[in-house]
Amino acid sequence: MYLKLLFILAVTINFGTHSCSQLVEKTNNDKKQKMNNQAGNNKTDEEWKKVLTPMQFSVTRQNGTERPFTGEYDHFFEKGVYKCVCCGKELFESGTKFDSGCGWPSFYDMKDNENIILIKDNSIGMSRVEARCAHCDAHLGHVFEDGPKPTGLRYCINSVSLQFEADTLKK
Ligand SMILES: [Zn+2]
C-alpha cells in the first residue's frame with residue numbers, strides 16, 4: 086500500500102514537472118528575442134516611477150506582490166479586457182476570469198499568447214512559473230496548474246498590474 090502510494094506520488098510529481106516545463110517552453114519561444122527587440126518600449130526605473138503609483142511600481146518593476154484580498158479586481162466581474170498597467174497591451178479577457186478564492190484576480194487563459202511571457206521562477210525556494218508582459222517586461226503574477234477546464238491553469242495576477250477596460254460594444 087505504501088509503495089503504491091509512493092508510486093502514485095512519484096508519477097504525479099513527474100507529470101507536474103513535465104507539464105510545467107512544457108508550459109514554459111511552449112509560450113516562451115521567440116518571445117524573449119521579440120522583447121529584446123522592443124527595448125524602446127522600456128523605461129528606466131526613474132521614468133516608470135513618474136507614470137506609476139508606488140504600488141504599481143513595486144509589483145510590476147520590482148516583482149512585488151499585492152496583499153491577498155486587497156486588489157481592485159479580486160472580486161470584480163465586469164465584461165471587458167484587462168490591459169497591462171504599464172504599456173496598455175491586452176493581457177486577459179473577463180470571459181476567462183474566475184473566482185478562485187485565492188485572493189488575487191484569476192484567469193484560466195491569456196487573451197493573446199503573444200502578449201505574455203512565462204518564465205521559470207525559483208525564488209523564495211519554490212518552483213513556480215512567473216507571468217510577465219511580453220512587451221514591457223512588467224511582472225504580472227504567477228501561473229499554477231490548479232485552474233479549471235479547458236486549460237487547467239490559474240493565472241494568479243496582481244490587480245495593480247492590470248488596467249480594466251469595460252466592453253461598451255452592444256452585442
Ligand atoms: Zn506591458
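Positions 86 to 256 (my numbering) are the ones given, in order, by the sequence shown. By construction, the Cβ of each residue, glycine as well, lies at the ideal position given by its N, Cα and C atoms.
Of the residues 146, 141 and 178, the one placed nearest residue 200, counting alpha carbons only: Taking the Cα of residue 200 as reference, the smallest distance to any Cα among 146, 141 and 178 is reached at 178.
Local conformation of residue 142 per DSSP, three classes: helix
Where residue 124 sits in the DSSP three-state scheme: Here residue 124 scores only 46 on pLDDT, less than 50, and its place in the model is too uncertain to base an answer on.
Residues of its chain near residue 143, where Cβ-Cβ distance is below 6 angstroms and the 5 sequence neighbours each way are ignored: Counting only Cβ-Cβ distances below 6 angstroms, and skipping sequence neighbours, we find 149.
Near ligand 1: residue 196 beta-carbon under 7 angstroms from a heavy atom: Residue 196: no, Cβ never under 7 angstroms from ligand 1.
Cβ neighbour criterion (16 or more within 10 Å) applied to residue 195: buried
Beta-bridge pairing of residue 209 - partner residues as DSSP gives them: Residue pairing of residue 209 in beta bridges, as defined by DSSP: absent, with no partner found.
Heavy atom of ligand 1 within 7 angstroms of residue 174 beta-carbon: yes
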